[in-house]
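Just so we're aligned, residue 70 is where the sequence shown starts under our numbering, counting upward by one.
Data block below; observations after.
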Amino acid sequence: MSVVIKTAEEIEKMRIAGRLAADLLEMITPHVKVGVSTGELDTLCHDYIVNVQQAIPAPLNYGMTATRPGFPKSICTSVNEVVCHGIPGDTKFLKNGDILNLDVTVKKDGYHGDTSMMFLVGDVSPHAKRLSKITRECMYKGIEQVKPGAYLGDIGAAIAKHAHAHYFSVVEDFCGHGIGKAFHEEPQVLHIGKKNTGIQLKEGMIFTIEPMINLGKKHVKIKKDGWTAVTKDRRLSAQWEHTILVTATGAEILTLRTGEVSPFTG
Ligand code: MF3
Ligand code: CO
Ligand code: CO
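Right, here's the structure in full:
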């Protein structure tokens, strides 16, 4: 399978799915505070997707293999040293100083919108705040590279350059991905790379950019539940994600939230 170029009709459906994913993060934002459990956040999102958006939470039961069960919940909740794929739990309560990534993927009319953002819970340490801020900037540095004729490697190179300039490390075990009818399609969008290498971007491609940036070393391990990825050194990790359409002149962020502006152009 190679990279799918979306038709105008498919792009319209991806705009709708992307908007729903962005709406979901906007809906849940006021609920993220000290004392709430990640299980409650999952329930609120699940019910909103199913009952209000009349859509499907794509993570639920996703990704079963011979060695792991399908993902058991409707969103991913990754706290502090959790890099990604944290499983919501009714006894996992947010506490003052936590940093949390909420990653949501909504499937509507057969198409997927995938986005995630960081939340700072209560009073967060300056280094944790900085990690979150720089990681968001890394995502936008990647997005800035997107236009027809650019190379996939340009995205990873820009992200890694910004992370390393701040002495953070880039997780290599997970990457962005094409997205459309399938949750994960070609190409793999690495968050490290070399300029002018890899495939060339074409108008109509849609993929995610979702850098995971660590305060310490880049290495990750998977917990016994088969999903939760944590930093090996147990130091903090942050992630931001958008779904991006390659347009004739650049990029369109399909999962942009109300009032969201780029840290560079906004
Ligand atoms: N939303 C994640 C991504 O950005 C994937 C989550 S897979 C799940 O690709 F099964 F954990 F939900
Ligand atoms: Co994704
Ligand atoms: Co995601």
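C-beta atoms are modelled at their ideal positions from N, C-alpha and C, and glycine is treated no differently.
Computed from a predicted structure; not experimentally measured.
Neighbourhood of residue i by C-beta distance below 7 Å, restricted to the same chain and skipping five residues each side
{"i": "residue 319", "result": "215, 216"}
{"i": "residue 209", "result": "331, 332, 333"}
{"i": "residue 235", "result": "203"}
Sheet register partners of residue i (DSSP bridge)
{"i": "residue 186", "result": "171"}
{"i": "residue 314", "result": "275, 321"}
{"i": "residue 181", "result": "176"}
{"i": "residue 306", "result": "283"}
{"i": "residue 162", "result": "106"}
{"i": "residue 220", "result": "269"}
Cutoff 6 Å; reference residue i; Cβ partners in own chain excluding five residues on either side
{"i": "residue 262", "result": "222, 225, 226"}
{"i": "residue 126", "result": "115, 118, 143"}
{"i": "residue 50", "result": "Since the first residue of the chain shown is 70 and the last is 335, residue 50 is not available in this structure."}
{"i": "residue 303", "result": "150"}
{"i": "residue 137", "result": "295"}
Distance between beta carbons of residue j and residue i, contact taken as under 8 Å
{"i": "residue 255", "j": "residue 245", "result": "Not really, about 11 Å apart at Cβ, beyond 8 Å."}
{"i": "residue 200", "j": "residue 186", "result": "Contact doesn't hold; Cβ gap of about 14 Å is too wide."}
{"i": "residue 270", "j": "residue 218", "result": "7 Å"}
{"i": "residue 177", "j": "residue 89", "result": "6 Å"}
{"i": "residue 251", "j": "residue 175", "result": "Going by Cβ atoms, the distance from residue 251 to residue 175 rounds to 14 Å, so no, they are not a contact pair."}
{"i": "residue 311", "j": "residue 212", "result": "7 Å"}
{"i": "residue 107", "j": "residue 161", "result": "5 Å"}
{"i": "residue 240", "j": "residue 289", "result": "6 Å"}
8 Å CB neighbourhood of residue i in its chain, flanking five on each side removed
{"i": "residue 249", "result": "73, 75, 79, 83, 180, 181, 275"}
{"i": "residue 166", "result": "190, 191, 192, 193, 194, 197"}
{"i": "residue 110", "result": "97, 100, 101, 144, 146, 157, 171"}
{"i": "residue 308", "result": "147, 152, 153, 170, 172, 185, 187, 204, 279, 280, 281, 282"}
{"i": "residue 264", "result": "220, 222, 223, 226"}
{"i": "residue 337", "result": "Within the shown structure, residues of the chain are numbered from 70 to 335, placing residue 337 beyond reach of any answer."}
Residue i burial status per 10 Å Cβ neighbour count (16 or more: buried)
{"i": "residue 120", "result": "exposed"}
{"i": "residue 123", "result": "exposed"}
{"i": "residue 197", "result": "buried"}
{"i": "residue 103", "result": "exposed"}
{"i": "residue 206", "result": "buried"}
{"i": "residue 287", "result": "buried"}
{"i": "residue 300", "result": "buried"}
{"i": "residue 233", "result": "exposed"}
{"i": "residue 159", "result": "exposed"}
{"i": "residue 317", "result": "exposed"}
{"i": "residue 266", "result": "exposed"}
{"i": "residue 268", "result": "exposed"}
Any non-hydrogen atom of ligand 4 closer than 6 Å to residue i Cβ
{"i": "residue 185", "result": "Questions concerning ligand 4 fall outside what the structure shown contains, since the ligands it does hold are ligand 1, ligand 2 and ligand 3."}
Contiguous beta strand (DSSP E) assignments of at least 3 residues, all confined to the segment 238 to 304 = 245 to 247, 254 to 258, 275 to 278, 281 to 283, 289 to 291, 298 to 300
query = Taking the runs of the beta strand (DSSP E) that are 3 residues or longer, which of them lie wholly in the segment 97 to 155?
reply = 145 to 148, 151 to 153
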